[in-house]
Amino acid sequence: MKKLVVAIDGPAGAGKSTVARMLAKRLNYIYIDTGAMYRAITFEVISKGLSPKDDEAIAKLAQKVHIELKNTEGAAMVLVDGKNVTEEIRTPEVSRLVPEIAQNREVRQAMLLLQRRLASQGGVVMDGRDIGTNVLPNAEVKIFLTASIEERAQRRYLELKAKGFAVHLEDLKQEIAARDKQDSERPIAPLVQAADAKLLDTTSLAILEVVTKILNICEERASIV
Ligand code: DC
Numbered sequence: 013m014k015k016l017v018v019a020i021d022g023p024a025g026a027g028k029s030t031v032a033r034m035l036a037k038r039l040n041y042i043y044i045d046t047g048a049m050y051r052a053i054t055f056e057v058i059s060k061g062l063s064p065k066d067d068e069a070i071a072k073l074a075q076k077v078h079i080e081l082k083n084t085e086g087a088a089m090v091l092v093d094g095k096n097v098t099e100e101i102r103t104p105e106v107s108r109l110v111p112e113i114a115q116n117r118e119v120r121q122a123m124l125l126l127q128r129r130l131a132s133q134g135g136v137v138m139d140g141r142d143i144g145t146n147v148l149p150n151a152e153v154k155i156f157l158t159a160s161i162e163e164r165a166q167r168r169y170l171e172l173k174a175k176g177f178a179v180h181l182e183d184l185k186q187e188i189a190a191r192d193k194q195d196s197e198r199p200i201a202p203l204v205q206a207a208d209a210k211l212l213d214t215t216s217l218a219i220l221e222v223v224t225k226i227l228n229i230c231e232e233r234a235s236i237v
């Protein structure tokens, strides 16, 4: 089968990363989690004590920081300047701040270049918010994954609780809604379904069902490109 470029976009908690990771494994492709990149920069902003409002300092940081995604056996590692921040980028503090950092023009430009470079050989599944619209507009397969806000909040709740965070479902619901709003209304590369993306609502679908649906789309696409 021809090696495709697969773009998966959608709001927070729609199941993008789980689905994208499984899909990449099934296709033997590279998985690229672009949200992890924005989270990694946000983590650096926090650990360097920069103000999230200091656009200039954040732009400078984005230009010099070195972000790597390492796919080792079964686990995806995120490194910032060689430091493993895989766990640290998933804290509620980073989640709250990331949409603001992801609005910075230079941050987006630096990430765009890195993401395009990583996808240049094909055989990739990349997930995010603006992959099908902006980063990889020529991707052969574009999926827009969504689910109800209740379902997405519930998924995050279980995920964070399993990691030992004290979280409340109602707070998460509000936080996710706020994050969606910020991501969808920002002027640069907002979260929006690409005109040629296939919409998949995962509210009442099991992960495996979603993966199978996308695999079928990939097979169909590969047979005609
Ligand atoms: O998918 P995630 O929750 O890990 O993404 C974290 C944040 O990064 C999200 O609030 C929006 C931002 N993001 C983005 O602006 N563009 C992307 N391609 C991926 C993520």
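Each residue of the sequence shown is one higher than the one before, starting from 13 at the first, in this note's numbering. Don't be surprised by glycine CBs; every beta carbon is placed ideally from N, CA and C.
Outcome for L170 when other beta-carbon atoms lying within 10 angstroms are tallied against a minimum of 16
By the neighbour-count rule (16 or more Cβ atoms within 10 Å), L170 is not buried but exposed.
The ligand DC heavy atoms versus the CB of P111: any closer than 7 Å?
Yes, Cβ of P111 sits closer than 7 Å to a heavy atom of the ligand DC.
What do you reckon, are the CB atoms on I53 and A19 nearer than 8 Å?
In this structure, A19 does not lie closer than 8 Å to I53 by Cβ.
Cβ of K154 within 8 Å of Cβ of K225?
Result no, Cβ atoms of K154 and K225 do not sit closer than 8 Å.
Just mark N146 as buried or exposed, buried being the case when its beta carbon has 16 or more other beta carbons within 10 Å.
Buried, by the Cβ-count rule.
How about the region 86-98 and the region 118-126: do they share at least three Cβ pairs that are nearer than 8 Å?
Contact annotation: the region 86-98 does not touch the region 118-126, with fewer than three C-beta pairs closer than 8 Å.
What's the C-alpha gap between M138 and I44?
Linking M138 to I44 through their CA atoms gives a straight-line distance of about 5 Å.
Just to confirm the assignment: which complete alpha helix (DSSP H) runs, minimum length 4, are found wholly within the region 153-180?
As summarised for the region 153-180, the continuous alpha helix (DSSP H) elements at least 4 residues long and confined to that stretch are 161-174, given in chain order.
For I200, which residues of its own chain have a beta-carbon under 8 Å away from its beta-carbon, when the five flanking residues on both sides are left out?
Sequence-distant partners of I200 (beyond 5 residues in either direction) whose C-beta falls short of 8 Å from its own C-beta, in its chain, are Q115, R117, R120.
beta-carbon R117 near the ligand DC non-hydrogen atom, thresh 7 Å:
Checking the Cβ of R117 against the ligand DC gives no.
For a test of the three-state rule: what should DSSP assign to T145, helix, strand or coil?
In the structure shown, the three-state DSSP call for T145 is helix.
Return yes when at least one heavy atom of the ligand DC lies under 7 Å from the C-beta of T46, else no.
Yes, the ligand DC has a heavy atom inside 7 Å of this Cβ.
What is the rounded straight-line gap between the Cα of A165 and the Cα of G25?
So the two alpha carbons sit approximately 7 Å from each other.
Selection from E105, R108, T103, K76 that minimises the alpha carbon distance to D93:
Across the set E105, R108, T103, K76, the C-alpha of K76 shows the shortest separation from the C-alpha of D93.
At a cut-off of 7 Å, would you count Y50 as near the ligand DC, judging by its Cβ distance to the nearest heavy atom?
Yes, Cβ of Y50 sits closer than 7 Å to a heavy atom of the ligand DC.
With a cut-off of 8 Å on the beta carbons, I'd call A218 and M13 a contact; round off their distance for me.
Not quite, the Cβ-Cβ distance comes to about 24 Å (not below 8 Å), so this is no contact.
Buried/exposed call for I143, threshold 16 Cβ in 10 Å
Its Cβ being crowded by 16 or more others within 10 Å, I143 is buried.
According to DSSP, which residues form a beta bridge with V119?
For V119, which the question treats as bridged, DSSP gives no partner whatsoever.
Could you give the first and the last residue of the continuous alpha helix (DSSP H) run that contains T54?
In the DSSP assignment, T54 falls within the alpha helix (DSSP H) that extends over 46-59.
How should E232 be labelled, buried or exposed, when 16 other C-beta atoms within 10 angstroms of its C-beta is the threshold for buried?
The residue in question, E232, is exposed, as its Cβ has fewer than 16 Cβ neighbours within 10 Å.
Can you tell which of E68, G134, R141 has its C-alpha closest to the C-alpha of L203?
Of E68, G134, R141, the residue nearest in Cα terms is R141.
Cβ neighbours of L109 in the same chain (closer than 8 Å, five flanking residues each side left out):
Excluding its 5 nearest sequence neighbours in each direction, L109 has C-beta neighbours in its own chain below 8 Å: T54, V57, I58, P64, listed in chain order.
I'd like to check one pair, K60 with G134: are the Cβ atoms closer than 8 Å?
No; because the gap between Cβ atoms is not below 8 Å, this pair is not in contact.
Whether L157 touches V31 by CB criterion (8 Å)
Yes, Cβ-Cβ distance for L157 and V31 is below 8 Å.
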